[in-house]
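The numbering used here applies: residue 28 is where the sequence shown begins, and numbers increase by one. The beta-carbon is built from N, C-alpha and C at its ideal position, and this holds for glycine as well. Note that the coordinates shown come from a computational prediction; the quantities given were computed from them, not determined experimentally.
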Amino acid sequence: MLNTKIKIWETPNPGEEKGVIFVIHGMGEYHKRYDDFGKYISKKGYKVAMIDHKGHGINIESMDKLGFIDDNFQSSLEEIKSAIEKVREENQEIPLFILGHSMGSFMTQILFEDGVKAQGIILSGSVRPFKISIKFAYTLASFLLLFRNKRSYMFDKIVFGLNNIKFKGKSKFRWLTRDEKSIEEFEKDPLCGCVPYTSYYRGLFYMIGKTIDVGEKEKNIETPMYIFSGSDDPVGEYGVGTKKLYKFYKKLGYKDIELKIYPRGRHEMLNEINRKEVYDNLLKWLIRRS
28 MLNTKIKIWE TPNPGEEKGV IFVIHGMGEY HKRYDDFGKY ISKKGYKVAM
78 IDHKGHGINI ESMDKLGFID DNFQSSLEEI KSAIEKVREE NQEIPLFILG
128 HSMGSFMTQI LFEDGVKAQG IILSGSVRPF KISIKFAYTL ASFLLLFRNK
178 RSYMFDKIVF GLNNIKFKGK SKFRWLTRDE KSIEEFEKDP LCGCVPYTSY
228 YRGLFYMIGK TIDVGEKEKN IETPMYIFSG SDDPVGEYGV GTKKLYKFYK
278 KLGYKDIELK IYPRGRHEML NEINRKEVYD NLLKWLIRRS
């Protein structure tokens with residue numbers, strides 16, 4: 028069931044769209060972080076659509092609900108699925124692509140495994156997770172929830188504490204992008220970068236764990252896949268984990284799969300200093316598959 032508004036970046040010439048991209052965002056952010064991407068891509072003929080996940084952006088009842096999830100993201104996944112189907116229904120004549128960034132890339136893989144169809148899948152800032160680490164993190168979060176559910180500064184340090192180790196600067200979010208203006212906007216936005224609740228982290232670890240076993244139900248190997256990241260993205264293990272993700276899907280038998288790793292790029296390639304290059308490369312990939 029869809030209980031939030033779908034954000035749409037329309038093309039200049041309605042009725043002449045080449046396709047539509049449904050974006051699934053990451054943690055600690057919302058649709059506003061994709062405004063530059065949405066405006067640029069829509070001008071090139073591709074409509075862009077997305078929603079804010081529950082506990083994110085405008086999809087909250089009050090600020091104390093920002094970063095709060097208590098059902099392992101199950102209702103969030105259902106809401107995203109409903110939004111995708113609504114966008115598909117309203118754009119039946121054009122191909123639909125799904126782009127998942129960071130946490131959204133794990134959501135994308137789960138939805139794809141559960142039967143959500145797309146002309147192509149795009150994974151940004153992603154990684155092939157390590158099973159033992161994720162199981163331990165999920166067990167620890169579940170144990171802590173037996174006592175109290177509060178904003179978890181402990182998990183915030185565990186998950187993000189080492190992300191800035193390679194980068195000079197004062198901002199705790201400098202691992203996101205080399206674009207200082209983008210970082211400043213992130214820091215000043217009260218809807219970005221909050222410390223989530225313990226139950227949120229449990230849900231995050233649960234979802235990441237589910238992606239370890241993707242491919243068991245249906246491989247969907249005919250669906251094109253495009254994976255991109257930065258070589259300095261700590262989430263992608265500085266390119267190593269992203270390459271593992273690519274090799275995983277290649278081993279499953281995916282025939283049309285591409286990997287692009289941008290030198291010195293950080294986590295948010297869609298907000299990087301060379302973002303136009305990133306957009307244009309993605310557009311070339313889309314055009315060949317539309």
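Euclidean distance between Cα positions of K184 and T225: Cα-Cα distance, rounded: 12 Å.
With 16 other Cβ atoms within 10 Å as the buried cut-off, status of Q119: A residue is called buried once 16 or more other Cβ atoms fall within 10 Å of its Cβ, and Q119, having fewer, is exposed.
Cut-off 6 Å between Cβ atoms - residues of its own chain near L286, not counting five sequence neighbours on either side: Once the five neighbours on either side are set aside, the close Cβ partners of L286 are I254, Y273.
Beta-carbon spacing of V319, K113 below 9 Å: The first residue shown for the chain is 28 and the last is 317, placing residue 319 beyond what the model contains.
Close beta carbons around S179, own chain, < 6 Å, minus the five adjacent residues each side: The residues T225, Y228, in chain order, have a CB closer than 6 Å to that of S179 in the same chain once the five nearest residues on each side in sequence are set aside.
G397 to S256 span [Cα, whole Å]: This structure cannot settle anything about residue 397, because the visible part of the chain is limited to 28 through 317.
Beta-carbon proximity of I68 to Y306, cut-off 9 Å: Yes, they are a contact pair.
Own chain, CB closer than 7 Å to N30, minus 5 neighbours either side, in chain order: E106.
Enclosing alpha helix (DSSP H) for A164 [first to last residue]: Where A164 is concerned, the enclosing alpha helix (DSSP H) stretches over 158-171.
Nearest to P337 (by Cα), restricted to the options I148, A145, V186: For residue 337 there is no data in the structure shown, the boundaries of the chain being 28 and 317.
Backbone secondary structure at G127 - three-state DSSP: Secondary structure of G127 (DSSP, three-state): strand.
Segment contact, 8 Å Cβ cut-off, at least three pairs: the segment 231-250 with the segment 55-66: Contact between the segment 231-250 and the segment 55-66 is absent, because fewer than three Cβ pairs lie under 8 Å.
Assumed close pair L313, Y73 - CB separation to whole angstroms, cut-off 8 Å: Rounded, the Cβ-Cβ distance is 6 Å, consistent with contact.
As assigned by DSSP and simplified to three states, the class of L189: DSSP, read as helix, strand or coil, puts L189 in coil.
Member of S169, E249, D216, W36 whose CA lies at the smallest distance from the CA of Y233: The candidate whose alpha carbon is nearest that of Y233 is S169.
Secondary structure of W312, DSSP reduced to three states: The answer is helix: DSSP assigns W312 an H, G or I state.
Cβ-based burial, Q101 [other Cβ within 10 Å; buried from 16]: Result: exposed.
Contacting residues, own chain, Cβ-Cβ under 6 Å from L126 (five flanking each side not counted): Scanning its chain for C-beta atoms nearer than 6 Å, with the 5 sequence neighbours on each side dropped, one finds around L126 the residues I48, V50, I149, in chain order.
Local conformation of L150 per DSSP, three classes: Of the three classes helix, strand and coil, the one that applies to L150 here is strand, per DSSP.
Residues bridged to R178 [DSSP beta-bridge criterion]: Bridge partners of R178: Y224.
Bridge partners - M90, DSSP secondary structure assignment: Secondary-structure assignment with DSSP links M90 through no beta bridge to anything.
M77 - partner residues in DSSP beta bridges: Paired residue(s): K34, V50.
Collapsed DSSP secondary structure at L203 in the structure displayed: For L203, the three-state secondary structure derived from DSSP is coil.
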